[in-house]
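For reference, the structure is listed below as structure tokens.
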Amino acid sequence: MPKISIEDLKKIKEQQLNKMSVRAGHHRAKITVHMGTCGIAAGARDIMTLFRDKIAEKDISDIILTNSGCAGLCAKEPMITVELEGSAPVKYVTLDKAKAERVFDEHVMGGKVVEDYALAIGSETMAT
Amino acid sequence: MVTLTVDGVKVSVKKGSSILEAAQAAGVRIPTLCHDKRLIPYGACRLCIVEVTARGKTRTMPACFNPARDGMEIATSTPALNSSRRTQLMLLLRSHPLLCPSCDAAGDCELQNLVFEHQIPDLPFARQSRYFHLDNDSNFIRFNMNLCIRCGMCVRICEEVQGQSEISFINRGMNTEVSTDFMRPLDCEFCGQCADICPVGAISSKWLVGTGRRFELSHVKTTCSFCSLGCSLTLEEKDQQTVYVNSSHDGPNEGSLCVKGRYGWTYAYSDGRLETPLVKKNGVLTEASWEEALDAAANGFARIKKSHGAQAIGALGSARLTNEEGYVFNRFVKSVLGTANIDHGGGISHLSLTEGIAPVLGYPASTNSIREIRNARVILLIGADLTETHPIAKNEIIMATGRKRARVIVIDSIKTKLTERDGIFLKAPVGSESIVVFSMIKTIMDEGLFDKASIGNKAEGFEALLESLADYTPENVASKLGIDVNSIREAARIFAQAPTAMILLSEGLYRDSSGVENARAAADLAVITGHIGKESCGIMALGEKANSQGAVDMGLTPQLLPGFALLEDEASRKKFDSLWKTKLPATAGLNAREILAGAETGAIKALYVVAENPVDDYPDRLQVEKAFKEAEFVVVQDIFFSSTAKLADVVLPACSALEKNGTFTSAERRVQTLRPSTKEKLGKSDLELFELLAKRMGSAQFTYSSPEAVMAEISKCCDVYAGVSYDGLGANGIIWPCKDSGDSGASILCQGGFPTGKAKLAPAGPLNAPVAKDGQFVLVQGVSKFHSGSMSMWSSSLIQVCPEPLAEMCTADMNTLGVEEGNTIRLTSETGESVRLKVKWSRRSLPGEIIVPCHFPSLKLNSLVKWNEPLVKVKVEKA
Amino acid sequence: MCASPYYRMQLMMCAGTGCIASGSLDVKAALEKELEKRNLQDEVQIIMTGCNGFCAMGPLVVVYPDGIFYNQVKPEHAPLIVEEHVLKGRLVEKLLFKEEATKSRVPLMKDIDFFGLQRLIVLRNRGLIDAESIDEYIARDGYAGLAKCLNEMTPEQVIEEVKKSGLRGRGGGGFPTGLKWEECRRYDSFPKYTICNGDEGDPGAFMDRSVMEGDPHSVLEGMAISGYAIGAEQGYIYVRAEYPLAIQRLEKAIADARDYGLLGKNILDSGFNFDIGIAPGAGAFVCGESTALMYSIEGKRGMPRIKPPRSAEAGLWNQPTNLNNVETFANLNPIMLNGGDWFASIGTEGSKGTKVFALTGAINNVGLVEVPMGTSLKTLIFDIGGGIPKKRKFKAAQIGGPSGGCIPNGMEEVEIDYESLQGVGAMMGSGGVVVMDDMTCMVDTAKFFTNFSVDESCGKCTPCREGLKTMFDKLTDICEGRGQEGDVEFLIELGNHVNDTSHCGLGKSAANPVLSTIRYFRNEYDAHIRDKHCPALVCPDLIDFVVLEDKCKMCGACFKGCPSNAIVWEKKKVAWIDREKCTKCRTCIQNCKFAAIR
Amino acid sequence: MQERDALLKKKVESTVEVIPPEQLKALDEIIDKYAGTTQNLIPALKEAQEMFGYLPMEVQRKLSVGMNIPAPHIYGVVTFYSFFTITPRGRHTIRLCLGTACYVKGAKEMLEIIIRDVGINVGETSEDGRYTLEAVRCLGACGLAPVMMIGEDTHGNIHPPKTIGILDGYQ
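Residue numbers (numbering that gives the first Met the number 0), protein chains in the order written: chain A, 0 to 127; chain B, 0 to 878; chain C, 0 to 597; chain D, 0 to 170.
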């Protein structure tokens, strides 16, 4: 008897693709956590961990989570940039875990900008 | 067939032939240094390149392996090709020292010839001085790798034909040479094929070193006098002395020889040769004149005949005698001595095989030829360790399995070299081989794999056979003999379903009654599977002696007259009565065993032993010795002063096969000529002696002027020899049946049907497999490939490579007994006789078996053996 | 916290032989330590990939999600990478690739010309997957090609598709793969075998090694597809003994595939059985020849045998056998998935698809590249390869291993495909491209290659065994000042003879380096023979070293390096060479940064 | 010629004492694993060489008997493939890559330096038993040319004059 079938082959592919999504060229959304020294001091790592857990928990494969250096607005750290495919990036400032979670649920997942925390739209982009 | 043109000559050859073969057929010679028809084409020397034009395109390619195709136009010697060949030769000369003046091969060197032919005047390439190994320590053969041109023929013949791989290419590139492992001296079959095939002087015969230039030697073409395969021999002689032996590549054996054929001839030069007749005076054998000895012999026989009647005389002949000698001996015994008490080979050996085959197939002989073995898809070997007994037939199996991937089914008590080839090994205790064959027949019948067209149509006795096989189910036989049941089934299926399948039987002297049974089973198997009367099918019975078949043809038995006529058949007897101008005895006489038993009890008073050595060769040595001691009058006629001759009253020296004319009939029924070498003749030929004795005993009928005249008479009274005459034998003889002088013989018997109308399937006897008790060893009387019986023991060269008998045992038994190689052990028979000899480890021996070569008189192994008890059980202990 | 951790960042660490040799395992260890120190081990993953191709710049690390390419990473850089990039998202400027021409740093892998100009089919997974993970291979459509064959296609259709693709054997011969399979399928004798030739013997070629190490499953899948097509149930991969890592990775890959049932009995419930064994080579170049390779698998001396019969009829153990090389097999998954037409749309008229080349020698970007057939040599050497180092001049490129030919300066526009290369006297071979600059003596090079062939000749046939040695002796004479008029003609004649009459591919092309260097660099031969001078200053017997006073900067580098004390130098003085003591070892030339010695 | 013959014999004989019979027992494992077909000869020889460092006569003879392969065949195979050796090796095996890339980049100079300064040629072992020099045809690490391996360590991008310095690290 065969150990795996063609369906299994497809399943393995799906599962593994999720794990490899970081390397995929294509993604629906990209979250950049600004992690300069100031950002980390202000709690950026907690926010990073939060996003990481949420992505892992929901087993999402089309989101890229990345970090970048100081965005230059040290006063308003922690700061993130959310960039949905086809739309301009949105920068959120002075976040905490609760706020970040809302941004994730509403903007990243729902597609609706959380204007309450948004600093600006279309300010700067990361090289992709 | 494909048709092509070679140098303008149109030629048709078999599909698959090479361009080289096509050229040969067209009579065009293409130079080559690495090709031999026995070998798989190799393509190393690149001298055979030719220009091939096909479909408008011209290309150069080597001729030796590229197949000939329809419509090819071949040019073999254009200026461009010749220039290329010259370059090739110059490259070879780059590392081949020009030691031609002192080289053994000078005058018979292919490279020398080609360099001469292509007129290479100087050596444009810087010479390379390299040192390769020299071997002067091996028996017979000398290696000087500095002369090697790396054609690989030695390595290839050793592997592809001999199945040995005793030498190999070693190293790589420029440093390639040929050697054994770590340059040790050879330890092999010593067939000498490597030296023979070497186109230059790199491997050569030691005896030629400093002895004779090849062109000084005279050549005598004759037939080998050892086993029954009938290999052609060419004796190369100088000053009335053989210095080298090779074989014509056009002969039936294609130039291949075994150690006995190539180096065994020294027996003729042995110190043990009898030259002067001996007569017993005052209990001591004393040298006597020919007159005195012949008179003593004739008078002795006359005296016994007169006082006790002809029935008191027994005669033992030999398969070493030529056809002519056998015929005249038979006539002498049955008409002049007047008794039918005549036998040869102990009444067993090859004779028993033919006795098994004859009732089924109608001929007491092999049905096919040796050269067909190579094309058989399946080969069944029954008790046939051909590596030891018939190396040249073994070569055929090596070729069949090596390049054609034929499969081998081995039914034997020991592992042979051939069980290592692809196939099935069915281990059967000595004497039980036929049981396995019958079990295969049973399987074939049960599974419906038999040849339905033949049964009923061409063969009868199917039902009786089936009935007799009730006990022979594979399960039953497997459990009785300890074989895997599936192996029997698989063997049966493979054999039955093969497109071509051959059965090979070989018997030494000792396998008595089982030989008949084995041959009968084999004949049944061939008939029911339809593997008979076709090419590469049938049965080959391979006898031990050169004229094993001829001795049967000439009727050297108590029942037969020449040409398979029965003595008890009145019409036949009448025919010979008038031919021989005598009155033959009307009933069959005693066989060898009965003659000796008679001598022991006093019923037989006189024994006439010709070219036979019963004391050393027959079973139950003590009984045989006693018989000779009891007999009143014994005449021994032999070339050696054998153990039997020592017990004689008159000893008549005979001349060897190297010193006489005559014919042998080989195992493939090929009648071949024996020609005398230039050496001095010792003794008198057996034919002369029979005539001289006959004359002294008052018969004026024995006036054959020569063996040729005897053959003329044979052809008159033996149907299968009807067309045989010395004029028509040619270089390679004729295969019987040969009906008239225009008939070139038939290599396949039973082709259109059977001489008796239908084949008569023989039923099997009751299943009865003897076994050894716990703690007993089975003594397998083996044959050493270096010896074949009486003659080889007197051959200094064969004794050199195999001086003493060694008992072969497996590791497990050696450990149990606590012996190591070289230790001495003692074998004791159930009746208490014992022998002592050294042990050697062997792959052939299986647990519980001990293999001992049977040809060493010094060992007296036959004292452990009883008549009609094939399975010899012995006790083995460390001595 | 979470069953399968989500890694936001993956560091793809090159673990090809080249990078391992340069220390990539140490770098990995340092990075791991550093990540742990910062408690990032659950957030950031390090993956060992196969060879990335850019071997000269190793060890390499590519950081995803962004695809940032770091080269020449040393263990001491680990804290920097983790602190700056992993933690703070700032690029580590000094580890980025520096474009030789513009001197600018290029952060993204895809923007580097070396990578950007390539088209990856064979190397589709390179640097992207964990070389030892079958799951990651499957994720990149691995075994989907095999599944498609087994599920939707008959063996005949598979062969048809391969024929349609125009795929030709990548081992050198360029025989159409589909035709080979078709012939092998035709013979009705079982068992049959399919063999992967991983005996990459050409010096300067390492593409097969890279594939076997980096993407072993692509080879296994290709072999299984060929097994299905020809009717074989057993495959062998013949791997050079010098490639232990390849053997190790293949062994793991085979074990994993068996575990999933992608090798073994009844694969993917199709009824197709196929298994693969590894046959290690033992160091003989001639075993790249198909019949010699089969003898080697059979445990014999690897000496080529005669053909016919061809391997397709009677190969391994005299059974029908198909033999393709690693690269050929690696092409099959994409062909099966995308169709033969897709593959045939890439490349040139006669040569379809892409070809992997190993760029070595005097070239800046030494490494492995895959380009469409028909790419010009110029693109290969100057655009992808980054040109010749130290501003030296391009002299010739040798393509096709020791048996290939040299393509000289001025002919670099030649498009690389089977026919064009043959037209200029070179051959595709397995794809080794050795670039030579003006410091290379072509006579010496020819001698080097001939020596290689002499050493590697199996010794079977006369022209190869004796002829090549004769040529080598003649070349030695020329290089050592004993050359005579007529030697070149002699070499041409003998070279043609060797090529025409040798038996196997090794011998038939062994004279090519000599013939092609004579063809394009006859003047160098003449200089050696007539002027007893080696223009490239290589052949020691034909040159005297002198210090060029105007160029000497009196640094003393030559003096310090000279092993035979032949250089006389004092501070602030021009050095000079004592000819009596000079052994012409060229150490001083190597040491001199100002090209002041010649 | 005879001198050479004697030398060869001496060489062969000198290896006889090297491996005591009890050590040869270790070969049984390899024989059990591989006996059967000639197909397994090369892997078996590889393992045997890993075990003993080289393949002397006794090892080959024992494999011949155990695997039922003619000893000359084994010897022919051993001497054909450059991977196998019948003489003992030094403590460190130097594998100098003489592939094209390395040759072009200075491996030839390295070879000359080793021949001159260590006094061993390709295939030879230094008298103190320290090094065995082997030339290999491409280690597949052309990016690092010139390359040599000493034991398991790969040294790349070697500046030829520094060859001896690297060797000094191996005692």
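Positions of the beta carbon are idealized from the N, C-alpha and C atoms, including for glycine.
On a predicted model such as this, the values are computed, not experimentally measured, just so you know.
- Here B/C187 has Q163 and E165 as same chain residues with Cβ atoms under 7 Å from its own Cβ, once five neighbours each way along the sequence are excluded.
- As summarised for the region 12 to 46 of chain C, there are no continuous beta strand (DSSP E) elements at least 3 residues long confined to that stretch.
- Taken residue by residue, none of the region 90 to 101 of chain A has a beta-carbon sitting less than 9 Å from a beta-carbon on chain C.
- When secondary structure is reduced to three states using DSSP, B/I434 falls in the helix class.
- In this structure, C/V433 keeps its C-beta atom at 8 Å or more from the C-beta atom of C/Q483.
- Within the same chain, Cβ atoms closer than 7 Å to the Cβ of B/L863 are found at L778, L826, S828, E832, V834, V871 and V873, the five residues on either side in sequence being excluded.
- C/M11 is classed as buried because its beta carbon has at least 16 other beta carbons within 10 Å across all chains shown.
- Residue environment analysis places C/N150 among the exposed positions, since fewer than 16 neighbouring C-beta atoms fall within 10 angstroms of its C-beta.
- Distance from C/C538 to C/V442 at the Cβ level is roughly 7 Å; contact confirmed, criterion being Cβ atoms closer than 8 Å.
- Positions of the alpha helix (DSSP H) runs, each at least 4 residues long and wholly inside the region 79 to 119 of chain B, are given as 109 to 116 in order along the chain.
- Put simply, the backbone Cα of C/G141 is about 11 Å away from that of C/V218.
- The region 145 to 157 of chain B and the region 38 to 48 of chain B touch, with three or more beta-carbon pairs separated by less than 8 Å.
- Rounded to whole angstroms, the separation of the alpha carbons of B/A520 and C/R185 is 41 Å.
- Shown here for B/A463: same chain residues with a beta carbon closer than 8 Å to its own, the five before and five after excluded, namely L760 and P762 in chain order.
- For C/Q589, the residues of chain D that pass the 9 Å Cβ criterion are G105, E108, H158, P159 and P160, in the order they occur in the chain.
- Taken atom to atom, the span from the alpha-carbon of B/G346 to that of B/V436 is near 24 Å.
- The shortest C-alpha to C-alpha distance from B/F753 to any of B/T366, B/L728 and B/P618 is the one to B/T366.
- Only P69, A70, P71, H72, I73, Y74, G75, T78 and F79 from the region 69 to 99 of chain D bring a Cβ to less than 7 Å from some Cβ of chain B.
- Secondary structure note for B/R669: its beta strand (DSSP E) is the uninterrupted segment R669 to L673.
- About 4 Å separates the Cβ atoms of A/N17 and A/S60, confirming a contact at the 8 Å cut-off.
- Contact annotation: C/C54 and D/G142 have beta-carbon atoms nearer than 8 Å.
- Less than 8 Å separates the beta-carbon of C/S515 from that of C/C405.
- Taking 8 Å as the CB threshold, C/S350 stays off the interface with chain B.
- Spanning the alpha carbons of A/E84 and A/A117 requires a straight line of approximately 18 Å.
- Burial check for B/H218: the Cβ neighbour count within 10 Å stays below 16, so the residue is exposed.
- Within 9 Å of the CB of B/T59, the CB atoms of chain C belong to D499 and T500, in sequence order along the chain.
- Residue nearest to B/K457 within the set B/A540, B/R373, B/A545 and B/V359 is B/V359 (criterion: CA-CA distance).
- Distance from C/D214 to C/N337 at the Cβ level is roughly 17 Å; contact not present, criterion being Cβ atoms closer than 8 Å.
- If only uninterrupted beta strand (DSSP E) runs of at least 3 residues are considered, those enclosed by the region 274 to 304 of chain B are 277 to 280 and 283 to 286.
- C/F544 carries a coil assignment under DSSP once its states are collapsed to helix, strand and coil.
- Using beta-carbon distances, C/M335 does not count as an interface residue toward chain A, since no partner is under 8 Å.
- Sequence-distant Cβ neighbours of B/S453 in its own chain, meaning closer than 6 Å and more than five residues away, are G529.
- Counting the other CB atoms within 10 Å of its CB gives C/T461 a total of 16 or more, which places it among the buried residues.
- Within 10 angstroms of the beta-carbon of B/G229 lie 16 or more other beta-carbons, which makes it buried.
- One thing to note: B/E72 has its Cβ no nearer than 8 Å to the Cβ of B/T2.
- Distances from the alpha-carbon of B/N814 to those of B/E324, B/G588, B/K839 and B/A309 put B/K839 closest.
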